[in-house]
Structures are given as structure tokens and as C-alpha cells.
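Colleague: Sequence lines, in order, name chains A and B. Residues in the first sequence are numbered consecutively from 144, following our numbering. Residues in the second sequence are numbered consecutively from 2, following our numbering. All C-beta atoms, glycine included, are put in the ideal place defined by N, C-alpha and C.
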Amino acid sequence: MLSAILPLVLAVVILQFAVIRMPSQVFLQFIIGAAMVIGGMVLFLSGVEIGILPMGKALGAELPRRNSLLLVIGIAFMVGFAATVAEPDVIVLTRQVDEVSRGAIAENVLIYAIALGVGLFVTMAMLRILLNINIAYLLAAGYAIIIVLAFFAPPEFVPVAFDSGGVTTGPMAVPIILSLGLGFSSVLAGRSAMSDGFGLIGLASIGPVIAVMILGMVLS
Amino acid sequence: MSWIMVWGGIGHTFLSVIRALLPLLVLFIIFQFLVLKLPRSYVLNLLKGVLLAIVGLALFLQGVGIGFFPAGQYMGETLGAIRAQWLLVPFGLMMGFLATWGEPAVRILGSQIEEASGGSVRKNVVVYAISGGVALFVALGMARIVYGIPLLWIIIPGYLLAIAMLRFSDKRVIAIAFDAGGVATGPMVVTFVLAIAVGIAAAIEGRDPILDGFGLISLVALAPILTIMVLGLILRARLRRKEK
Numbered sequence: 144m145l146s147a148i149l150p151l152v153l154a155v156v157i158l159q160f161a162v163i164r165m166p167s168q169v170f171l172q173f174i175i176g177a178a179m180v181i182g183g184m185v186l187f188l189s190g191v192e193i194g195i196l197p198m199g200k201a202l203g204a205e206l207p208r209r210n211s212l213l214l215v216i217g218i219a220f221m222v223g224f225a226a227t228v229a230e231p232d233v234i235v236l237t238r239q240v241d242e243v244s245r246g247a248i249a250e251n252v253l254i255y256a257i258a259l260g261v262g263l264f265v266t267m268a269m270l271r272i273l274l275n276i277n278i279a280y281l282l283a284a285g286y287a288i289i290i291v292l293a294f295f296a297p298p299e300f301v302p303v304a305f306d307s308g309g310v311t312t313g314p315m316a317v318p319i320i321l322s323l324g325l326g327f328s329s330v331l332a333g334r335s336a337m338s339d340g341f342g343l344i345g346l347a348s349i350g351p352v353i354a355v356m357i358l359g360m361v362l363s
Numbered sequence: 002m003s004w005i006m007v008w009g010g011i012g013h014t015f016l017s018v019i020r021a022l023l024p025l026l027v028l029f030i031i032f033q034f035l036v037l038k039l040p041r042s043y044v045l046n047l048l049k050g051v052l053l054a055i056v057g058l059a060l061f062l063q064g065v066g067i068g069f070f071p072a073g074q075y076m077g078e079t080l081g082a083i084r085a086q087w088l089l090v091p092f093g094l095m096m097g098f099l100a101t102w103g104e105p106a107v108r109i110l111g112s113q114i115e116e117a118s119g120g121s122v123r124k125n126v127v128v129y130a131i132s133g134g135v136a137l138f139v140a141l142g143m144a145r146i147v148y149g150i151p152l153l154w155i156i157i158p159g160y161l162l163a164i165a166m167l168r169f170s171d172k173r174v175i176a177i178a179f180d181a182g183g184v185a186t187g188p189m190v191v192t193f194v195l196a197i198a199v200g201i202a203a204a205i206e207g208r209d210p211i212l213d214g215f216g217l218i219s220l221v222a223l224a225p226i227l228t229i230m231v232l233g234l235i236l237r238a239r240l241r242r243k244e245k
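#1: Going along the chain, which residues of its own chain have a beta-carbon closer than 8 Å to the beta-carbon of residue 62 (chain B), five neighbours each way excluded?
#2: Pull out every residue of the region 271-292 of chain A whose Cβ sits closer than 8 Å to any Cβ of chain B, in chain order.
#3: Can you give the Cα-Cα distance for residue 252 (chain A) and residue 218 (chain A), rounded to whole angstroms?
#4: Measuring only the C-alpha atoms, how far is residue 72 (chain B) from residue 308 (chain A)?
#5: Compare the C-alpha of residue 154 (chain A) against each of B:92, B:125 and B:141 and name the closest.
#6: Could you tell me whether the Cβ of residue 82 (chain B) comes closer than 7 Å to any Cβ of chain A?
#7: Would you mind reading off the limits of the alpha helix (DSSP H) that contains residue 38 (chain B)?
#8: Smallest Cα separation from residue 187 (chain B): which of A:228, A:293 and A:312?
#9: I need the DSSP call for residue 108 (chain B), collapsed to helix, strand or coil.
#10: Using a Cβ-Cβ cutoff of less than 7 Å, which residues in the same chain neighbour residue 2 (chain B) once the five nearest sequence positions on both sides are dropped?
#11: Do we get a CB-CB distance below 7 Å when we pair residue 76 (chain B) with the residues of chain A?
#12: Give a yes or no on whether 7 Å exceeds the smallest Cβ distance from residue 206 (chain B) to chain A.
#13: Give a yes or no on whether 7 Å exceeds the smallest Cβ distance from residue 220 (chain A) to chain B.
#14: Determine the contact status of residue 158 (chain B) and residue 225 (chain A), defining contact as a CB-CB distance below 7 Å.
#15: For a contact meaning CB atoms closer than 8 Å, what does residue 96 (chain A) contact in chain B?
#16: Run through chain A and tell me which residues come within less than 9 Å of residue 79 (chain B), C-beta to C-beta.
#17: Assign residue 360 (chain A) to buried or exposed, taking buried as 16 or more other Cβ atoms, counted over all protein chains shown, within 10 Å of its Cβ.
#18: At which residues does the alpha helix (DSSP H) containing residue 14 (chain B) begin and terminate?
#19: Kindly indicate which three-state DSSP category residue 124 (chain B) falls into: helix, strand or coil?
#20: Should residue 198 (chain B) be flagged as near chain A, meaning a C-beta pair shorter than 7 Å?
#21: Using only alpha-carbon positions, find the residue among A:228, A:315 and A:290 that is nearest to residue 258 (chain A).
#22: Report back the beta-carbon spacing between residue 57 (chain B) and residue 187 (chain A) to the nearest angstrom; my notes put them in contact at under 8 Å.
#23: Starting from residue 102 (chain A), find everything on chain B with Cβ-Cβ shorter than 7 Å and list it in chain order.
#24: So what's residue 59 (chain B) in DSSP terms, helix, strand or just coil?
#25: In the structure shown, what three-state DSSP assignment does residue 172 (chain B) receive?
#26: Should the region 294-305 of chain A be called in touch with the region 166-184 of chain B, which here means at least 3 C-beta pairs below 8 Å?
#27: Any chance you could list the alpha helix (DSSP H) runs of at least 4 consecutive residues sitting entirely within the region 153-226 of chain A, in chain order?
#28: Between residue 138 (chain B) and chain A, is there a C-beta pair that is closer than 7 Å?
#29: Among B:215, B:107, B:200 and B:242, whose alpha-carbon lies nearest the alpha-carbon of residue 182 (chain B)?
#30: Would you kindly work out how many angstroms separate the C-alpha atoms of residue 241 (chain B) and residue 234 (chain B), rounded to a whole number?
#31: Kindly confirm or deny that the region 198-211 of chain B and the region 81-89 of chain B touch, where touching means at least three C-beta pairs closer than 8 Å.
#32: In whole angstroms, give me the CA-to-CA distance for residue 45 (chain B) and residue 203 (chain A).
#33: So, does the region 23-38 of chain B touch the region 145-159 of chain B, judging by three or more C-beta pairs under 8 Å?
#34: Please classify residue 251 (chain A): does DSSP put it in a helix, a strand, or coil?
#35: Are residue 136 (chain B) and residue 193 (chain B) touching if we call contact CB-CB under 7 Å?
#36: Between residue 217 (chain B) and residue 26 (chain B), what straight-line distance do the alpha-carbon atoms span, to the nearest angstrom?
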């Protein structure tokens with residue numbers, strides 16, 4: 144955690160004294176904020192490890208035991224949705240969008256659109272493992288849909304939509320979704336956890352881009 | 002130093018954190034009673050972890066709100082106002098490299114690839130390739146803001162390149178590459194670098210923060226995908242030459 148944040152914080156400190164010169168209040172709040180971010184992340188990650196990941200695993204292990212396709216789809220969707228709503232990167236992005244657009248693209252609406260997209264695509268990824276579909280086809284189709292939609296969606300939603308795809312892959316959603324997929328493919332006969340379990344995150348980050356672009360088209 | 006605002010709005014932050022974790026908790030509790038029926042002491046332990054996560058997430062968001070957002074926006078606005086705006090491009094190069102090089106997820110991915118390739122791709126090669134790729138794309142993102150280039154002009158050729166490489170890449174390389182899209186979009190990029198970009202777009206005349214400021218994260222997510230697929234192709238070409 145420290146190594147992820149320290150290089151940039153040092154760069155900012157050097158810039159502060161060399162060129163930028165922010166007011167000392169902003170600079171001090173930045174230093175205190177950086178300490179809070181590091182401390183908060185350490186606490187959060189250990190909380191995820193102790194409490195939230197085991198919950199995700201318990202739910203994921205339940206999937207193959209019930210021989211019901213409907214249940215598999217339902218749980219995969221709900222876990223994908225719930226993990227995204229709690230993802231720090233998603234919260235931070237949607238907050239910035241809300242602030243910069245002065246509420247025109249509201250935080251809550253955006254979070255739920257992103258979560259819906261992740262939920263749907265995690266479900267698709269599970270079905271892919273079940274039906275043994277080559278991942279390259281799904282990726283190519285997903286990105287083709289994104290490219291087409293990008294020309295029809297309202298322009299102010301396009302950059303936000305693309306960014307939404309990047310933030311779903313954060314410290315909360317990734318371990319939960321991965322454990323769901325790895326658990327699932329390890330119980331199915333004839334599937335390798337290595338090549339089938341992976342690719343889940345890549346697919347999951349296509350969903351929000353499509354969902355937010357459609358949201359923009361619906362809203363305008 | 003009462004003018005420093007550290008805990009303002011902490012109640013609101015806590016509320017939004019609880020609301021964020023609620024769906025997962027409700028889902029688990031329903032399953033716990035209906036199907037799982039795990040022992041009570043085990044569940045209590047899990048709830049302790051959830052409590053820890055709530056406190057940590059609230060602290061993180063508060064730190065971002067009082068520290069990273071205002072400082073990032075201020076830096077962006079200052080940088081956007083400088084006369085030699087082309088300087089923002091090398092600035093983006095530096096920020097992109099620094100944000101990725103320290104990211105633990107990138108190092109973990111590097112070790113995984115070194116292991117999966119039987120040592121023929123070294124971990125450091127992966128770390129520097131991805132950091133270099135991200136640096137290049139953040140620099141492109143800065144150039145985009147300064148010169149008003151639409152995001153689609155960069156992102157669509159990027160995706161098309163990735164789709165084209167799908168045809169020539171191994172299944173496993175593809176899965177790893179697309180999963181890696183998220184390794185570089187860590188907390189520093191999403192909070193701080195994005196706030197700088199939005200600030201710059203707000204300061205440069207004729208740029209819209211919503212249209213030009215956002216989009217940077219998607220470029221940072223695209224860079225590792227392309228980098229790893231190119232690495233995979235290079236490795237394959239090398240293996241072929243050896244076989245001959």
C-alpha cells in the first residue's frame with residue numbers, strides 16, 4: 144500500500160516546493176489525507192481479508208452444489224452487483240462525476256448502473272465457463288458493442304462510461320469475483336481453473352461501459 | 002490550526018460506506034439463515050472483519066475527500082494555467098510512471114507471469130513494460146486535454162488493436178491481459194491523477210471537465226492490456242525461432 148502511494152506523494156511534495164505552491168492549508172490537508180488514505184486502505188484490506196472474502200467464498204462454493212442453472216445465474220448476478228456497490232474506486236469516481244457535473248450525473252444512479260453492468264457480465268462469464276465458450280469471442284463481441292454504442296451515446300457520458308470500466312477492477316470487487324469464478328470452475332469436470340477462471344475480470348469491466356452508455360441514452 | 006478541515010462531513014462518509022456494504026451483508030445473512038448455516042462464532046469473526054472494512058473505507062474516503070481532491074484540483078488548475086502547455090505531456094509521462102511503478106498489483110502480476118512463463122519473462126520486464134505503457138497513455142491523455150482531441154480517437158484504435166491481436170494470441174495470454182486491465186488503475190490514479198486531469202480541463206479555455214477531464218482511467222486500463230498482449234506475441238515469436 145505504502146509503495147503504491149509514496150512515489151506520487153513525494154513527487155507532489157517536490158513539485159509543491161519547486162513550482163506549484165498550493166496554499167499551505169491545501170498542502171497540509173493533502174499530507175494528512177495521504178496518511179488517512181494509507182491507514183484506511185490497510186484497515187479496509189484486512190477487513191476484506193477477514194470478513195468479506197470468506198463471505199464471497201461461502202456464497203461461491205454454494206453455486207455448483209445446487210444443480211440449478213437459475214440459482215447459479217441469480218447468485219453470480221447478486222454477488223457481482225453487491226461487490227461493485229462496495230468498491231472504493233467506484234465510489235470515488237462516481238463522487239467526482241457527481242461533483243463536476245453539478246449533480247447532472249448523480250452519484251447513486253451512476254453507481255447502480257455500473258453495478259448492474261458488472262452483475263450482468265459476471266453472470267455471462269459464469270455461463271461462458273459452463274458452456275465452454277471461447278473467451279476471445281466474448282471479448283471481441285463486447286468491445287465491438289462498446290465501439291458501436293460510443294457513436295450513439297450522448298458525448299458527455301462517453302468518457303465517464305469508459306472510466307467506469309476501469310474502476311470496477313478495484314481491491315473489493317476483484318478478489319470476490321475471482322474467488323467466485325475460481326470456486327465455480329474448479330468443481331466443474333473437465334475445466335481448468337487456470338484458463339477458465341481467469342478472464343472474469345476482463346469481461347466484468349466491459350459491462351459497466353455498456354451500462355453507462357445506455358444510461359446516458361435513456362436519460363437524454 | 003483550526004482552519005485545517007479533517008473530519009468535516011465524516012458522518013455523511015460513514016453513512017455512504019454502510020450503504021455501500023449493506024447489499025453484500027444482506028445477501029450473506031439471507032444465505033446464512035436459509036442455506037449456509039455456518040457456526041455462530043465463525044460468523045461473528047466475519048462480522049468483525051466487516052466492521053474493520055467499514056472503518057477503513059470511511060477513513061480512506063475521508064482522506065481522499067479532504068486531501069486528494071482539493072490538492073489534485075488545485076494542482077490541475079495551476080498546471081492548466083501555465084503558458085507552455087506542452088509541458089503537461091512530459092508531466093503526464095512522469096505521473097503515469099510513478100503511479101504504476103509502485104503499485105503492488107503490478108508487481109504481483111509480474112511474478113505470476115514470470116512463473117507462468119517458466120522464467121522466460123522476467124518480473125522486472127513486466128513491471129517496466131506496464132509502467133512504460135501506462136506512462137505513455139497518461140501522456141497521451143494529457144495531450145488529449147491540452148489539444149482537445151476526443152477520447153474516442155485514442156480509445157477506439159486502441160481497442161481495435163487489442164481485438165486484432167486476439168487473433169494471434171494464446172488463450173491464456175488473452176485472459177491474463179484483459180484481467181490485467183485493472184492492475185494499474187489503483188487508488189492514486191482514480192483519486193489523485195483524475196482530480197488533476199479534471200482541474201486541468203477546467204482551467205484550459207474551451208475544454209469541458211466532463212468531456213475532457215474524464216477518460217483518463219480508461220486509458221490507464223487499456224495500457225496494460227496492450228502491453229501484455231505485445232509481450233505475449235514477442236515471446237511466441239521467440240519460441241518459434243528457437244524451434245526452427
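Modeller: So, from the listed chains and residues:
#1: 14, 17 and 18
#2: 277, 278, 279, 282, 283, 286, 287, 289 and 290
#3: When rounded, the distance between both Cα atoms is 22 Å.
#4: Residue 72 (chain B) and residue 308 (chain A) have their alpha carbons spaced roughly 25 Å apart.
#5: B:92
#6: no
#7: First-last for residue 38 (chain B): undefined, no H or E at that position.
#8: Selected option, being the one with the closest Cα: A:312.
#9: helix
#10: Note that residue 2 (chain B) scores 46 on pLDDT, short of 50, meaning its location in the model is unreliable; the coordinates nonetheless yield the value given after this. Around residue 2 (chain B): no qualifying Cβ.
#11: yes
#12: no
#13: no
#14: no
#15: Missing from the structure shown is residue 96 (chain A); chain A here goes from 144 to 363 and no further.
#16: The answer, in chain order, is 162, 163, 164 and 165.
#17: exposed
#18: 11-32
#19: Three-state DSSP puts residue 124 (chain B) in a helix.
#20: no
#21: Comparing alpha-carbon positions, the option among A:228, A:315 and A:290 lying closest to residue 258 (chain A) turns out to be A:228.
#22: 3 Å
#23: Nothing in the structure corresponds to residue 102 (chain A), since chain A is present only between 144 and 363.
#24: helix
#25: helix
#26: no
#27: 167-190 and 196-208
#28: no
#29: B:107
#30: 11 Å
#31: yes
#32: Looking at the two C-alpha atoms, the distance is approximately 20 Å.
#33: A contact between stretches requires three or more CB pairs, one per stretch, nearer than 8 Å, and the region 23-38 of chain B fails this requirement with the region 145-159 of chain B.
#34: helix
#35: no
#36: 33 Å
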